[in-house]
Amino acid sequence: MKTHYGLIVIGAGPAGTPAAMTAAKFGVKTLLVDKRDAPGGECLFEGCIPSKVLETAANHYAEVVNAKKFHVEEKHPQMHWEAVIKDKDAILQKRSQAALMQIEQLPLLDFKQGTAEFVDTHTMRIDGELFSFDKALIATGGKTNIPPFKGNGVSKAWTNRDVFLEKELPKEMLFIGAGAISCELAQMFNKLGVKCHILQRSPRILKHMSEQSASIVQKKMQDNGIVIDCNVNIETIDYENEKFIVKFSQNEQERVLEFEHVLLATGRGANVENLGLENAKVEYNRGGVVVNKELQSSQEHIFACGDCVPGPKFAHTASYEAGVVVHNMFAPSKHEINYDKNSWVLFSDPQIGVAGINEEQVNKRELDVDIELYDFAQDARSQIDK
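For the sequence shown, the tail end lands on 381 under this note's numbering, and the numbers increase by one without skipping.
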């Protein structure tokens, strides 16, 4: 006996949760399923929110440590890391429970903890129980793409999913990869006195950003003692005597580093394994579920959005996509996804905010625009803070 729903949503993160809630408000009997026992997804539990809690604590600590230049002296500041972790956990619990309460207030929306798998084009199995559906949304999020590094230390290295669970502040960290995750976390831990070192395969850090912006962040990082090595090829990551031993080549020279902890931030991939997509005849590749501009998969009644599809990997972008998906599922008109107004912030030091298309996209489209630069070093606020 199958339980039937008008819509089943797999994944209760920033894409799946608002999509399920909106569909239920439109009168569609909806099931939201997630491996966790509460909604929130990676952004809440392992990404945006915990990182900002720890970053805020690190910034306040750094303000106290560096207050002497503003003629304020505190001789022995201390960071109570375990208390910060407890605060982080409390905030995550509060936000997750608030989302669960909102779901419970919608009579047409059910939440179920479990692992979902397509059986065929209109049936899912969730922990052994069968459910049929008219439409489905895949919103399973993303994960760290781990290259096939050699060595017994690869499986012991951290990703962003591990670092926010640590009860003790590390003494030293080696970051492999120099994207947003590494740069934000390296600066945060550096402010807390942690020795930080970054290894990057490409010639520079933050390769998805303009070279000018990236160079400003890189200089600040290096001025604060973070070591950055680019043009690196990782050979092995081993673990012996409670130390990671990382062997790599750089400019045709062999090098070895030993560190207490290694964090892998080597790009993001889509969570599409073990979903039974083949059973549902849903096409996917390394970039995730293959979708059209309406976020429709190769099956017209199955959609996908968020980090499990190609495109910008941001929580607010996933929520925007969720709105487009629900409209296209149930409204007579259709909307195409458009990222031209997408905005995001890198919580580095200094922070970098981006809105709209970048210079590379402008040139590719051959648009006639003016590009202006303003140096905030001339600004009074900048001079005061400096």
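Heads up, the beta-carbon is just placed ideally off N, CA and C, and yes, glycines get one too.
- Item | Residues bridged to Ser127 [DSSP beta-bridge criterion] | His(-1), Thr118
- From Ser293, Asn333, Ile141, residue whose alpha carbon lies closest to that of Val257: Closest by C-alpha distance to Val257, out of Ser293, Asn333, Ile141, is Ile141.
- Message: My assumption, with CB atoms under 8 Å, is that Val241 sits in contact with Leu252. Please give the rounded CB distance.
- Response: 5 Å
- Where Glu163 and Glu278 are concerned, what is the direct C-alpha to C-alpha distance, given to the nearest angstrom? 43 Å
- Proximity of Val2 and Lys130 at Cβ, strictly below 9 Å: Looking at the sequence shown, residue 2 is not Val but Leu. Yes, these two residues count as a Cβ contact at 9 Å.
- If you count every other CB in all the chains shown that lies within 10 Å of the CB of His450, and 16 or more means buried, which is it? Nothing about residue 450 can be reported from this structure: the residues present for the chain run from -4 to 381 only.
- Query: By DSSP, does Arg196 sit in helix, in strand, or in coil?
  - Reply: coil
- Message: Is it buried or exposed, Gly301, if we count other Cβ atoms within 10 angstroms and call 16 or more buried?
- Response: buried
- Can you tell me whether Ala33 is buried or exposed, with buried defined as 16 or more other CB within 10 angstroms of its CB? buried
- Length of the line joining the Cα atoms of Gln378 and His55: Straight-line measurement puts the Cα of His55 at about 20 Å from the Cα of Gln378.
- Proximal residues to Ile347 (C-beta, below 6 Å), its chain only, five neighbours per side dropped: Ser208, Leu341
- Task: Mind checking who Ala111 pairs with in its DSSP beta bridge?
- Result: Ile121, per the DSSP bridge assignment.
- Message: Assuming contact is defined by CB atoms lying nearer than 9 Å, are Asn226 and Gln245 in contact in what I supplied?
- Response: Yes, the pair counts as a contact, with Cβ atoms nearer than the cut-off.
- Would you say Ala10 and Ala111 are within 9 Å of each other, going by their C-beta atoms? no
- Message: According to DSSP, simplified to helix, strand and coil, what is Gln100?
- Response: coil
- Query: Nearest-angstrom Cα distance between Phe144 and Ser91?
  - Reply: 35 Å
- Message: Per DSSP, what are the beta-bridge partners of Leu187 in this structure?
- Response: Paired residues: none, contrary to the question.
- So, Gly146 versus Ile232, is the Cβ gap smaller than 9 Å? yes
- Message: So if DSSP puts Glu69 in a beta bridge, which residue, or which two residues, is it bridged to?
- Response: According to DSSP, Glu69 bridges with nothing at all.
- Task: Count the other CB atoms, across all protein chains shown, that sit within 10 Å of the CB of Ser150; report buried if there are 16 or more and exposed otherwise.
- Result: By the neighbour-count rule (16 or more Cβ atoms within 10 Å), Ser150 is not buried but exposed.
- Buried or exposed: where does His203 fall if 16 or more other Cβ atoms within 10 Å of its Cβ makes it buried? exposed
- Please determine if the segment 8 to 27 and the segment 305 to 320 are in contact, where contact requires at least 3 C-beta pairs separated by less than 8 Å. Because the criterion of three Cβ pairs below 8 Å is met, the segment 8 to 27 and the segment 305 to 320 touch.
- Task: Kindly indicate which three-state DSSP category Met168 falls into: helix, strand or coil?
- Result: Collapsing the DSSP output to three states places Met168 in a strand.
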